[in-house]
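Under the working numbering, the first residue of the sequence shown carries the number 6, and numbering increases by one thereafter.
Structure, as structure tokens:
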Amino acid sequence: MGACTACRAAKVKCDQSFPCKRCERLGKTCIPHESKQGQNPARLHNKRKLDDCPCPVGTAEELKFECAILKKSTGMVRKDHYALKHLVRKWIAMSLKRRSFTLWSRAGSLAVACGMSMDEVLCEMNEEQRGMDFLHQLITTPSADQTLIAKTPLTAQDIPEKLWKAVGMPTSPESMEQALQSRCFYVMEVNKGVLRYYVSPAFVENVGINLQTIEETYRANNVEVMQLFHAKPKGPKEQHYMVSFAQQLALHSKPDIRPKPTKVKNVRIMVGDDKKEVIVDQLVCLYVPKLDVSYNLTEYIIDTNDTLLMTKKKTGAHPTVSINNNDINPQAEASYEAPPLTDLPDFYLDLNSVEGGDDDFKTILDLLQQS
């Protein structure tokens, strides 16, 4: 192999071992650099479109990064860690749906790193783990006939009550409908490799991305869905979603763990047709009711110091944001009240003030911060 990505970035000599001595000494994640020199850019683009599964799990490079992180932490993670086994099975199912050898190999690499045998991943082991017998149909169905997104859209009522309660949402129909007018939610369900998305009315209004755009983006497979509204990270310290994802994985070590959200401040997202950058607080909450089913909820809460105008709903619920500068209310900022983040039940860990959390998460977070 050539120099690793960390040594190349630092412009220092790499001993070209794996992991290299410099990365071991500094506690960095050693990732081999893959040169694209001499390759046809058009061919590279076509290959990625056909062979990668970017939307729910990241690009091939991000998948490699996640695997490297998780491999480093497996000394502290049991091979029967529920969320990691879920992730392996999810990647396997989605790789067959997408016909992606890249994603298939990532699933295998993660399983090996965690010490999981093929039987332990694929076969029925106990009441909590049913076998992946549904894979037979995925294997034998041509890619043109694969169902990537379920025909029936995900609704707010389909999302488990445990997940809504974890982020302080009312669960009665009338109260929920009212709250969804002012809280920006983006939810993804994965069920045996088939996806469904939900976006709240406030998300559509304020972020400017609707369900149809999200589904079309996922099917086209050219960019990640979250790239539609997440600003491009300026460096490793802005890998907010990956850090949140690592923490949520660490939480779900056993079946049916009660979901608890991860909170991250100062996340940059893009809103409106002009893709204006705004600063938000981000909540991420994962729920894994079954090994082959998961719900990943993200909420964006506008920072009170943001330059966009804050307006408050007459109902007194969480505020929404006006992205139309013509609708200026001079009293809006004075009447604005920040969402009661501290009142939400059981934050698993505030990533902006790390004082606790289990060893699995600390290991993953340390590696993220050092890389």
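Built from N, CA and C at the ideal position, the CB exists for glycine as well.
Values in this document were obtained by computation on a predicted structure and should not be read as measured data.
Nearest-angstrom Cα distance between residue i and residue j?
| i | j | result |
| --- | --- | --- |
| LYS268 | CYS290 | 9 angstroms |
| GLY240 | GLY113 | 28 angstroms |
| CYS119 | SER258 | 13 angstroms |
| LEU216 | TRP96 | 23 angstroms |
| THR145 | LEU101 | 9 angstroms |
| PRO324 | HIS91 | Annotation note: pLDDT 32 at PRO324 (below 50); position unreliable, no value reported. |
| ARG111 | MET99 | 11 angstroms |
| MET38 | LYS16 | The sequence given here has His at residue 38, not Met. Each residue's alpha carbon lies about 13 angstroms from the other. |
| CYS25 | ALA14 | 14 angstroms |
| VAL155 | ALA8 | Val is not the amino acid found at residue 155; the sequence shown has Ala there. Each residue's Cα considered, the two are about 43 angstroms apart. |
| VAL272 | VAL93 | 28 angstroms |
| ASN329 | VAL204 | In this prediction, ASN329 has a pLDDT of 28, which is less than 50 and means its spatial position is unreliable; what the coordinates show is noted afterwards. Going by the C-alpha atoms only, they are around 20 angstroms apart. |
| LEU296 | LYS18 | 44 angstroms |
| ILE274 | VAL285 | 7 angstroms |
| LEU354 | ARG263 | The pLDDT assigned to LEU354 is 47, lower than 50, so where the model puts this residue is not dependable; a value taken from the coordinates is nonetheless given after this. One C-alpha to the other measures close to 14 angstroms. |
| GLN134 | GLU282 | 43 angstroms |
| ARG104 | LEU153 | 11 angstroms |
| ILE214 | MET181 | 21 angstroms |
| ASN131 | ASN211 | 45 angstroms |
| THR218 | GLY277 | 13 angstroms |
| ARG27 | CYS12 | 8 angstroms |
| GLU29 | CYS35 | 8 angstroms |
| LYS231 | SER187 | A quick correction: the sequence has Met, not Lys, at residue 231. Their Cα atoms are separated by approximately 20 angstroms. |
| THR222 | TYR305 | 20 angstroms |
| PRO294 | ALA184 | 25 angstroms |
| ASN226 | LYS33 | 31 angstroms |
| LYS280 | PHE234 | 8 angstroms |
| LYS237 | GLN142 | 37 angstroms |
| PRO175 | ALA88 | 27 angstroms |
| MET137 | PHE250 | 24 angstroms |
| MET123 | PRO206 | 43 angstroms |
| GLN252 | GLN287 | 14 angstroms |
| GLU220 | LEU31 | 42 angstroms |
| HIS245 | VAL228 | 18 angstroms |
| LYS84 | MET121 | 6 angstroms |
| CYS128 | HIS86 | 16 angstroms |
| VAL126 | VAL199 | 19 angstroms |
| LEU168 | LEU256 | 14 angstroms |
| THR79 | PRO147 | Only weak support is given to the placement of THR79: the predicted model assigns it a pLDDT of 45, under 50, and the value that follows is read from those uncertain coordinates. Looking at the two C-alpha atoms, the distance is approximately 36 angstroms. |
| LEU159 | PHE23 | 44 angstroms |
| MET247 | PRO260 | 22 angstroms |
| TYR191 | GLY173 | 15 angstroms |
| LYS170 | GLN21 | 49 angstroms |
| TRP109 | PRO178 | 40 angstroms |
Which residue or residues does DSSP assign as beta-bridge partners of residue i?
| i | result |
| --- | --- |
| THR145 | According to DSSP, which records beta bridges pairwise, THR145 is partnered with nothing at all. |
| HIS86 | Paired residue(s): none; HIS86 is not in a bridge. |
| ILE154 | LEU200 |
| ILE3 | The structure shown does not extend to residue 3, since the chain spans only 6 to 376, so no value can be given for it. |
With DSSP run on the structure shown, which of helix, strand or coil describes residue i?
| i | result |
| --- | --- |
| VAL228 | coil |
| THR190 | Note on residue identity: the sequence assigns Phe, not Thr, to residue 190. PHE190 falls in the strand class under three-state DSSP. |
| ILE97 | helix |
| HIS91 | helix |
| CYS35 | coil |
| CYS9 | strand |
Evaluate contact between the stretch 160-171 and the stretch 111-131, counting only Cβ atoms and requiring at least three cross-stretch pairs below 8 angstroms.
The count of Cβ pairs closer than 8 angstroms, one atom from the stretch 160-171 and one from the stretch 111-131, stays below three, leaving the stretches out of contact.
Every unbroken alpha helix (DSSP H) within the stretch 241-304, with a cutoff of 4 residues, ordered by chain:
For the stretch 241-304, whole alpha helix (DSSP H) runs of length 4 or above, ordered along the chain, are 245-256.
Ordered list of beta strand (DSSP E) runs contained in the stretch 196-226, each at least 3 residues
If we require 3 residues or more, the beta strand (DSSP E) runs fully inside the stretch 196-226 come out as 199-204.
Any contact between the stretch 194-210 and the stretch 288-302? By contact I mean 3 or more CB pairs, one from each, below 8 angstroms.
Output reads yes: the stretch 288-302 touches the stretch 194-210.
Start-end ranges of the alpha helix (DSSP H) lying completely within the stretch 117-146, minimum 4 residues:
Fully contained in the stretch 117-146 are the following alpha helix (DSSP H) runs of length 4 or more, in chain order: 123-127 and 140-145.
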